[in-house]
Amino acid sequence: MCGIVAYIGAKDAYPILLKGLHRLEYRGYDSAGIALIDNAEIHVHKKAGKVKNLERFVNGSESGSTIGIGHTRWATHGLPNDLNAHPHLSANGSLVMIHNGIIENYGSLKQDLINRGYSFESDTDTEVFITFIEDIQKEGNHPLEDAFRIALTKVIGAYAVVIMSTKEPRKLVAARKGSPLVLGLGEGEFFLASDATPIVEYTNEVIYLKDEEILIINDDHYEIKNLDDVAQSPYIETLDIELETLEKGGYKHFMLKEIFEQPNSIRDCMRGRLNVDTGELVLGGIREYANALANAERIVIVACGTSWHAGLVAEYLFEDLCRIPVEVEYASEFRYRNPVINEGDIVIAISQSGETADTLAAIELAKNKGAIVLGVVNTVGSSIARNSYEGAYLHAGPEIGVASTKAFTAQLTVLTMIALRLAAKKGTITDTKYHELLVELDSIPDKVALALKLNDKIETISDLFKEAQNFLYLGRGYNFPVALEGALKLKEISYVHAEGYPAAEMKHGPIALIDEKMPVVVIATRDSSYDKVVSNIQEVKARKGVIIAIVTEGDELIPTMADFTIEIPATHDYLMPLLSVIPLQLMSYHMAIMRGCNVDQPRNLAKSVTVE
Ligand code: M6R
70 MCGIVAYIGA
80 KDAYPILLKG
90 LHRLEYRGYD
100 SAGIALIDNA
110 EIHVHKKAGK
120 VKNLERFVNG
130 SESGSTIGIG
140 HTRWATHGLP
150 NDLNAHPHLS
160 ANGSLVMIHN
170 GIIENYGSLK
180 QDLINRGYSF
190 ESDTDTEVFI
200 TFIEDIQKEG
210 NHPLEDAFRI
220 ALTKVIGAYA
230 VVIMSTKEPR
240 KLVAARKGSP
250 LVLGLGEGEF
260 FLASDATPIV
270 EYTNEVIYLK
280 DEEILIINDD
290 HYEIKNLDDV
300 AQSPYIETLD
310 IELETLEKGG
320 YKHFMLKEIF
330 EQPNSIRDCM
340 RGRLNVDTGE
350 LVLGGIREYA
360 NALANAERIV
370 IVACGTSWHA
380 GLVAEYLFED
390 LCRIPVEVEY
400 ASEFRYRNPV
410 INEGDIVIAI
420 SQSGETADTL
430 AAIELAKNKG
440 AIVLGVVNTV
450 GSSIARNSYE
460 GAYLHAGPEI
470 GVASTKAFTA
480 QLTVLTMIAL
490 RLAAKKGTIT
500 DTKYHELLVE
510 LDSIPDKVAL
520 ALKLNDKIET
530 ISDLFKEAQN
540 FLYLGRGYNF
550 PVALEGALKL
560 KEISYVHAEG
570 YPAAEMKHGP
580 IALIDEKMPV
590 VVIATRDSSY
600 DKVVSNIQEV
610 KARKGVIIAI
620 VTEGDELIPT
630 MADFTIEIPA
640 THDYLMPLLS
650 VIPLQLMSYH
660 MAIMRGCNVD
670 QPRNLAKSVT
680 VE
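Just so we're aligned: 392 in this note's numbering is position 323 of the sequence shown, and the numbers increase by one with no gaps anywhere.
Shown next, in the form of structure tokens:
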């Protein structure tokens, strides 16, 4: 949460920062701000709300500064108002900071500073942090980077911070711990950002800062040190992001674009990995630990939100195909209990952003307990990817809409490939079934494209239900996690209450909710649970519930019972979530639009949840 961007070079900094903030807005949109240094003076502009508010506020008044910092906020400490917006100045105004993260001991630091005569304008931990650095600088007559380093040894929590100083107006100092920070190396210019998206159009040479590293950029050269002031040798990486993937490409919203990208993103995810002709499934990122995975007595999956739903599907796949017991854990719960992890257990972390704080903490805990950690991550070079022993990238391309769509189907695709690879290695699948599933997986992008043709029909159905206040989503087997995912999608972007349930559990409570006003979305595709789901539909109809059924094309029975049916292509049970989720994504999108919601930036949310 929170996006940070900084620039130093010869160009006008303001437009670069502004564009960067637009790219990072998915990380938080409670407020936005920038600070620029001109003639050794700091100009700060900040406004509650979106980056466009800031743009309107600045109204072209800034040009000519060649060094600056910018921030887009997801509020943690204090209301999302102008005062709490970043950047924050230190008490005497000589230092200015942008910060992504949380300083946990800010309360005691603040009290100590107040006792010594300092006062604060905002409620933020960031203002305390920068004032603390000013105080250290004054007390010990320290240069900026020394005061910064001392402060970093005393603060507790997570941070990615960048600081400018009026006393050294051609210098940026930055550091990270627990929150991401990328340095872009241009020709005589440097870019800093929470991810590579604001950097990619200027340079593709980047350095991902490591935890507790300090970066000092002094005009045209940089150095990286650790907290003991020892120089570090950075690893320069080359970015592989197409600029067009960061734009809406003719769609009204990123979410819609990303839903429609799925035939391609699933193809990209399988490209070079799956070969139907030879029967090969190559996962180049899992080599050294392939045997450990095959011999594992247990797999634990840790993830949050939509990624957790992908983990639930993987549980069914791994148990069914590979006969390995699997547990799927919310990372936020796992990290705070004392989970039983045995040496050699495999922990798979699933994450789109690769920066989710709870998932990151869960894998650290797992590693400390001797587990082998594999990452299934979309964002290349992200913290979870780098902190996993090995793993498989999704290759779904950047996902900007806060609601995760194409990442979910890419996660399912990667996890299916891992399960098939593993089953073949362990001999828990017959050759015939293995080949059948490879062929079927290979056909999924075309089937997703067919499911997307239902868009108009789904829009019409959504219109009929746009005023409904509650929804129930039911599914069984592989479609149960899809029911959870459909309900989450509706909640997060339409602000409609929705609950996902295993269809058979309905009679243990939720059935009491059903009346003629309750729309019930039932995923009732032709699979091993079909007959049971038909009975569940009858139970709902007997209570006058309104059924919207997702069925396999050609189904003749369910349309006689359901109020509305949406037919999707047939596939194997294992792969059905890749298709059955598509109408649910589209339905949540249309409902949100019809209800006047901001689908790409739903209230209170952020794309990358880097706070616990
Ligand atoms: O980046 P991650 O996959 O780790 O994010 C996990 C969740 O925050 C995320 O899936 C969230 O639930 C989405 N907004 C769902 O659409």
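Idealized CB from N, CA, C, for every residue including glycine.
Given the structure is predicted, the values throughout are model-derived calculations rather than measurements.
Any heavy atom of ligand 1 inside 7 Å of the beta-carbon of residue i?
i: GLU94; result: no
i: GLN421; result: yes
i: GLY555; result: no
i: LEU381; result: no
i: GLY578; result: no
i: LEU261; result: no
i: SER531; result: no
i: VAL449; result: no
i: THR428; result: yes
i: SER657; result: no
i: SER473; result: yes
i: CYS373; result: yes
i: GLU561; result: yes
i: VAL345; result: no
i: VAL678; result: yes
i: THR425; result: yes
i: SER376; result: yes
i: LEU284; result: no
i: LEU481; result: no
i: LEU674; result: yes
Helix, strand or coil for residue i? Go by DSSP, reduced to three states.
i: PRO571; result: strand
i: SER334; result: helix
i: MET486; result: helix
i: LYS475; result: helix
i: VAL517; result: helix
i: VAL269; result: coil
i: TYR503; result: helix
i: THR629; result: helix
i: ILE73; result: strand
i: ALA300; result: strand
i: TYR658; result: helix
i: THR314; result: helix
i: GLU384; result: helix
i: SER234; result: strand
State the Cα-Cα distance for the pair residue i and residue j, rounded to the nearest angstrom.
i: THR499; j: VAL449; result: 34 Å
i: THR474; j: ALA520; result: 14 Å
i: VAL445; j: ILE205; result: 42 Å
i: PHE323; j: GLY170; result: 26 Å
i: ALA556; j: GLN331; result: 20 Å
i: TYR564; j: GLU536; result: 11 Å
i: THR141; j: GLY354; result: 34 Å
i: THR314; j: SER334; result: 11 Å
i: GLY147; j: ASN153; result: 6 Å
i: PRO394; j: ASN122; result: 51 Å
i: LYS586; j: ALA661; result: 19 Å
i: LYS317; j: VAL382; result: 30 Å
i: CYS373; j: ASN210; result: 46 Å
i: TYR98; j: VAL165; result: 21 Å
i: HIS641; j: SER401; result: 33 Å
i: ILE310; j: VAL602; result: 43 Å
i: THR222; j: LEU296; result: 7 Å
i: GLU110; j: ALA104; result: 10 Å
If contacts are defined as beta-carbon pairs under 8 Å, then residue i and residue j qualify, I think. What distance do you get, rounded to the angstrom?
i: LYS88; j: PRO267; result: 7 Å
i: SER263; j: ALA216; result: Contact doesn't hold; Cβ gap of about 24 Å is too wide.
i: SER422; j: SER451; result: 6 Å
i: ARG96; j: LYS494; result: No, ARG96 and LYS494 are not in contact; Cβ-Cβ is about 39 Å, not under 8 Å.
i: GLU686; j: ALA79; result: Residue 686 is absent from the model: the chain starts at 70 and stops at 681.
i: ALA426; j: THR679; result: 5 Å
i: PRO156; j: LYS116; result: Not confirmed; about 12 Å, so no contact.
### Message
Ignoring anything shorter than 3 residues, give me the beta strand (DSSP E) runs that lie fully in the region 523-591, in order along the chain.
### Response
539-544, 566-571
### Task
Any chance you could list the alpha helix (DSSP H) runs of at least 4 consecutive residues sitting entirely within the region 386-417, in chain order?
Qualifying alpha helix (DSSP H) stretches, in chain order: 400-403.
### Task
Please go through the region 78-161 and give each complete beta strand (DSSP E) segment of 3 or more residues, from N-terminal end onward.
Every beta strand (DSSP E) stretch that sits fully inside the region 78-161 and reaches 3 residues is listed by chain position as 100-107, 110-117, 136-142.
### Runs of alpha helix (DSSP H) wholly within the region 165-223 (minimum 4 residues, chain order)
Counting only runs of 4 or more, we get 175-184, 194-209, 213-223.
### Task
Enumerate, from N- to C-terminal direction, the unbroken beta strand (DSSP E) stretches of 3 or more residues contained entirely within the region 424-480.
Listed in chain order, the complete beta strand (DSSP E) runs (minimum 3 residues) inside the region 424-480 are 441-446, 459-462.
### Query
Going along the chain, which unbroken runs of the alpha helix (DSSP H) with 4 or more residues stay wholly within the region 589-617?
599-611
### Task
Could you tell me which uninterrupted alpha helix (DSSP H) segments, each at least 4 residues in length, are contained entirely in the region 350-378, listed from first to last along the chain?
As far as the region 350-378 is concerned, its whole alpha helix (DSSP H) runs of at least 4 residues are 359-364.
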